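Position in the sequence shown (from 1) plus 443 gives the number in the working numbering. Virtual Cβ for every residue (Gly too), placed ideally from N, Cα, C. From a predicted model like this one, the values you see are computed outputs, not experimental measurements. Take a look at the structure set out below.
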Amino acid sequence: MIPAAQLAETIWREDTASRWLGMKLEEVRAGYARLSMRVQSHMGNAQNVCHGGLIFTLADSAFGYACNSHNQRALAASGAIDFLAPAQVGDELTAVASEVERAGRRGVYDVRVTNQAGTTVALFRGQSATVKGKWIEQP
Numbered sequence: 444m445i446p447a448a449q450l451a452e453t454i455w456r457e458d459t460a461s462r463w464l465g466m467k468l469e470e471v472r473a474g475y476a477r478l479s480m481r482v483q484s485h486m487g488n489a490q491n492v493c494h495g496g497l498i499f500t501l502a503d504s505a506f507g508y509a510c511n512s513h514n515q516r517a518l519a520a521s522g523a524i525d526f527l528a529p530a531q532v533g534d535e536l537t538a539v540a541s542e543v544e545r546a547g548r549r550g551v552y553d554v555r556v557t558n559q560a561g562t563t564v565a566l567f568r569g570q571s572a573t574v575k576g577k578w579i580e581q582p
């Protein structure tokens, strides 16, 4: 079995979107991932808070690492988010994704996004579907 951290390093090299947004990959274990992102001034919306699409993207990235942590390529089949508190420019957001269940080709994952004070900013639930291929082929 390939360690999830090694898989995450492989995926991170190809994950240009998360890197471009300034996300940091903090921890990945089987069925679990933690990423963070500082809300920068260009991420603000007309209400002067972090654009919800960027919070969704952070949660979706954490979900992606968690559902790909078993060395089976997986894609999002669906994702939904509830925004509970605004994120301000300068906030350090952390998304923690946890596997709820995997069955057959499907998986369900919950993601909690919090700010540096521990306030829950959003809750995300994603469903994954595995596709052909491994991240790292084993001999």
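Can you tell me whether L501 is helix, strand or coil according to DSSP? helix
Mind checking H513: buried by the 16 CB within 10 Å criterion, or exposed? buried
Which word fits G533, buried or exposed, when buried means at least 16 other C-beta atoms lie within 10 angstroms of its C-beta? exposed
Cβ-Cβ distance between A517 and G547 below 8 angstroms: no
Check each candidate in W578, S504, M444 and T453 and name the one with the smallest Cα separation from W463. S504
I need the straight-line Cα distance from L501 to M466, nearest angstrom please. 8 angstroms
Here's a check: name, in chain order, each residue in its chain whose Cβ is nearer than 6 angstroms to the Cβ of G576, leaving out the five neighbours to either side. R516
In whole angstroms, what separates the C-alpha of D525 from that of S461? 21 angstroms
Just how far apart, CA to CA, sit A412 and A451? No answer is possible for residue 412: the residues shown for the chain start at 444 and end at 582.
By Cβ distance, which residues of its chain are closer than 8 angstroms to M566, with the 5 residues on each side in sequence left out? The sequence shown places Leu at residue 566, rather than the Met named in the question. Closer than 8 angstroms at Cβ, skipping near neighbours: I524, D525, L527, D553, V554, R555 and V556.
For I579, is the classification buried or exposed, using 16 other Cβ atoms within 10 angstroms of its Cβ as the cut-off for buried? exposed
Please look up how many angstroms separate the CB atoms of Y508 and L478, rounded, as I've assumed it's under 8 angstroms. 7 angstroms
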